[in-house]
Amino acid sequence: MILCIILIFVVLSFKINPRGLAYLALLGLQGMVPIALAAIGEVFNERGGLCNIGIEGTMLLSSFVSIYLAEVSKSWLVGVLGGIGTGMLISGIFGITATYGKGDQLIAGIGVNILALGFVAYYLMEIWHTPGYHLLTSSNLKIPAILTPLTSLSWIVFVTIGASFAVNFILNDTQFGMRVKATGYNPFIADVSGINVYKIRTIACIIGGALAGLGGAYMSLGWLGLSAKDLIKGRGFIALACVVFSGLDPILALEAAYLFGLFDVISLWLQSAPWAEVLMARGGRFLCLVLPYVAVLITLTVLRGERRFSKMIGEPYERG
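Each number in this note's numbering comes from the position in the sequence shown (counting from 1) with 6 added on.
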């Protein structure tokens, strides 16, 4: 009931102030970026036949490394590259474990998430002596933004949109993309035709990790300006929901990420809106926090059974 009341207030608020609606739509682009990058990367991953649920941990580790390297080097670019490199390293290890090592992909992904939580919690205390979070020491270390009449947007927003179309082109219009899809759809036939299934899957995993790493770097250097052990807050899992929503289409994954990113921003906005103080005091804050996840559950419920995926996704391949 409270959730319905909150949503009604949101609609009425922006009906009175249309400019506010445009502002919220732009903020939705900011909320979209980390989810979209992780989702687009996972689309690439799953097209190759691997399912990496360790996206959450990959993003968390990348966000931590990016803010650390940015402060040490005094350069946001070094931080971003460090975040991308971290994503590639973690995903590369995952890919090798899942392909050459025939490891269980579910367990490997959970392992990445647990490792990330412990690593970040420990080194936050070890490096900055703060148990919860660390704020970026200088605003000059944030990723540069492009000013618009309503707000500023990080250039990573435009990189994200471009990445979805680039991945779509690679998967559908290049020989490498066709090989990736072949290894995901039927690795046995792909192997017989001369494709190195293990190599292609590992490369696809590393590419997906690079995008997830960029998403993590954006969280700490482009959007929030901090590092925290709970920084990602389930966005990696929401990205997995976007992958399901999209049916492994990178452009649809981008659209789904914008939808969930918009709910994420609405959640944050409601918690700070002056007129919502009474609702927040009556339990509305909790409902605001779960709003993006409720949207995910509703979407997945509606789409249940409407998306078809290869049965080989997540299954280790063994050469005969």
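We treat Cβ as the ideally placed atom computed from N, Cα and C, and that holds for glycine.
Nothing here was measured: the structure is a model prediction, and the numbers come from that model.
Quick check on N202: buried or exposed, where buried means 16 or more other Cβ atoms within 10 Å of its Cβ?
N202 should be labelled exposed.
Quick check on this structure: which residue in L75, G98, Y29 and A114 has the alpha carbon closest to the alpha carbon of L217?
Considering only alpha carbons, the answer is G98.
Within 8 angstroms, strictly: CB atoms of A2 and F251:
This structure cannot settle anything about residue 2, because the visible part of the chain is limited to 7 through 326.
Quick check: the Cα distance between Q181 and Y204, rounded to an integer number of angstroms?
17 angstroms
Should R325 be labelled buried (16 or more other beta-carbon atoms within 10 Å of its own) or exposed?
exposed
Beta-carbon proximity of N170 to I257, cut-off 8 angstroms:
Per the sequence presented here, residue 170 reads as Ser, with Asn not at that position. Yes, the pair counts as a contact, with Cβ atoms nearer than the cut-off.
Between A76 and L147, is the Cβ-Cβ spacing less than 8 angstroms?
yes
From the DSSP output, in three-state form, read off I12 for me.
Because I12 carries a pLDDT of 40, less than 50, the predicted location of this residue cannot be relied on, and the following value inherits that uncertainty. I12: helix per DSSP, three-state reduction.
Between M65 and Y264, is the Cβ-Cβ spacing less than 8 angstroms?
No, the Cβ-Cβ distance between M65 and Y264 is not below 8 angstroms.
Which of the three DSSP states is assigned to S233 in this structure?
In the structure shown, S233 sits in a strand (DSSP, three-state: E or B).
So which of R53, V86, T305 and L56 has the shortest CA-CA distance to K150?
According to the sequence provided, residue 150 is Pro. The question's Lys does not apply to it. Residue V86 is the option with its Cα nearest to P150.
List the whole-angstrom C-beta distance separating R241 from I41, where the pair is believed to meet the contact cut-off of C-beta under 8 angstroms.
5 angstroms
Closest by C-alpha distance to F248, when choosing among R207, A45, T103 and G34:
Here residue 248 is Cys; the residue named in the question, Phe, does not match the sequence. Nearest C-alpha to C248: A45.
If you compare alpha carbons, which of L32, H140, R185 and A114 is closest to F70?
Of the candidates L32, H140, R185 and A114, the residue whose Cα lies closest to the Cα of F70 is H140.
Return helix, strand or coil for I149, following the three-state DSSP convention.
Note: I149 maps to coil in three-state DSSP.
Run the CB neighbour count on G54, radius 10 Å, all protein chains shown included, and call it buried at 16 or more, exposed below.
buried
Runs of alpha helix (DSSP H) wholly within the region 170-249 (minimum 4 residues, chain order):
You should have 181-191, 193-198 and 203-223.
One or two residues paired with G158 in a DSSP bridge
One detail in the question is off: residue 158 reads as Ser in this sequence, not Gly. Looking at the DSSP assignment, S158 forms a beta bridge with L153.
Contact check, N58 vs G115 under 8 angstroms by CB: the rounded distance?
6 angstroms
For a test of your reading of the model: does the CB of R185 fall under 7 angstroms from any non-hydrogen atom of the ligand FMN? Yes or no.
This structure lacks the ligand FMN; in fact it carries no ligand of any kind.
If I measure Cβ to Cβ from Y323 and keep anything under 6 angstroms in the same chain, skipping five residues before and after, which residues do I get?
P193 and V203
Based on the DSSP output, what are the partners of H135 in its beta bridges?
BP columns for H135 are empty, so no partner.
Quick one, are the C-beta atoms of G320 and Q36 less than 8 angstroms apart?
no
Closer than 8 angstroms by C-beta to W275: which residues in its own chain qualify, once you throw out the five before and the five after it? Chain order, please.
L30 and L33
Buried or exposed: where does L153 fall if 16 or more other Cβ atoms within 10 Å of its Cβ makes it buried?
exposed
Got a sec? Which residues, its chain only, sit under 7 angstroms from G221 by beta carbon, not counting five neighbours each side?
Closer than 7 angstroms at the Cβ level, and outside the excluded window around G221, lie V39, P40, L43, A44 and M65.
On the CB-based measure, 16 or more other CB atoms within 10 Å of its CB, does I61 come out buried or exposed?
I61 should be labelled buried.
Count the other C-beta atoms from every protein chain shown that fall within 10 angstroms of the C-beta of T307, then say buried if there are 16 or more, exposed otherwise.
That one is exposed.
Sub-8 angstroms separation of T208 and I102 beta-carbons
yes
If you drop the 5 nearest sequence neighbours on each side, which residues of the same chain put their C-beta closer than 7 angstroms to that of A104?
L56, Q111, A114 and P322
Kindly indicate the opening and closing residues of the alpha helix (DSSP H) around T103.
W82 to T105
Could you check the C-alpha separation between D255 and V49 for me, to the nearest Å?
7 angstroms
Can you tell me whether I272 is buried or exposed, with buried defined as 16 or more other CB within 10 angstroms of its CB?
buried
Whole angstroms is fine: what's the gap from G228's alpha carbon to S160's?
6 angstroms
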